[in-house]
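Under the working numbering, the first residue of the sequence shown is numbered 1203, with each subsequent residue one higher. Backbone N, C-alpha and C define an ideal beta-carbon position, used for all residues, glycine too. Every value quoted in this text rests on a predicted model; they were computed, and no experiment measured them. These notes concern the structure reproduced below.
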Amino acid sequence: MSAIVLRSVERFDPHLGHWEDLAPMPQRRHGVAAAALEGQLWVCGGSYGRQDVRTVEVYDVDTFAWVQMPSMHMPRNCASMAFVRF
1203 MSAIVLRSVE RFDPHLGHWE DLAPMPQRRH GVAAAALEGQ LWVCGGSYGR
1253 QDVRTVEVYD VDTFAWVQMP SMHMPRNCAS MAFVRF
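Dropping the structure here:
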């Protein structure tokens, strides 16, 4: 069984009770690590089906755009991610 690899991104609006489409990710992939921080959605790693990736992309909800960030040192697939303030 092969995985479905997508670029699509959806956001749930709990006030309206429905999902809405956001701008697609620049790179299609599955198994990403993702976390939200101050109006941004960070998406790291994953796989596009043939190999794991190191890429990091950030979606800004104010500009509705993805920004490429510096890549991680090692590829990661099916990882977890969280932001912690020190």
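Given a cut-off of 7 Å on the beta-carbon distance, is the pair residue i and residue j in contact?
| i | j | result |
| --- | --- | --- |
| residue 1249 | residue 1230 | no |
| residue 1272 | residue 1254 | no |
| residue 1207 | residue 1241 | no |
| residue 1243 | residue 1261 | yes |
| residue 1237 | residue 1288 | no |
Could you give the DSSP three-state label for residue i: helix, strand or coil?
| i | result |
| --- | --- |
| residue 1256 | coil |
| residue 1242 | strand |
From the beta carbon of residue i, is the nearest beta carbon of chain D less than 7 Å away?
| i | result |
| --- | --- |
| residue 1232 | Absence of chain D from the displayed structure is noted, only one protein chain being present. |
Cutting at 7 Å between CB atoms, please list the residues of its own chain near residue i, excluding the five before and the five after it.
| i | result |
| --- | --- |
| residue 1235 | 1246, 1247, 1278, 1281, 1282 and 1283 |
| residue 1222 | 1212, 1213 and 1215 |
| residue 1274 | 1246, 1247, 1256 and 1258 |
Use the C-beta contact count for residue i: other C-beta atoms within 10 angstroms, 16 or more gives buried, fewer gives exposed.
| i | result |
| --- | --- |
| residue 1268 | buried |
| residue 1265 | exposed |
Just to confirm my understanding: we take residue i, look at its own chain, exclude 5 residues before and 5 after, and list those with CB closer than 6 Å. What are they?
| i | result |
| --- | --- |
| residue 1216 | none |
| residue 1209 | 1226, 1227 and 1230 |
| residue 1233 | 1248, 1249, 1279 and 1280 |
Here's a check: name, in chain order, each residue in its chain whose Cβ is nearer than 8 Å to the Cβ of residue i, leaving out the five neighbours to either side.
| i | result |
| --- | --- |
| residue 1220 | 1214 |
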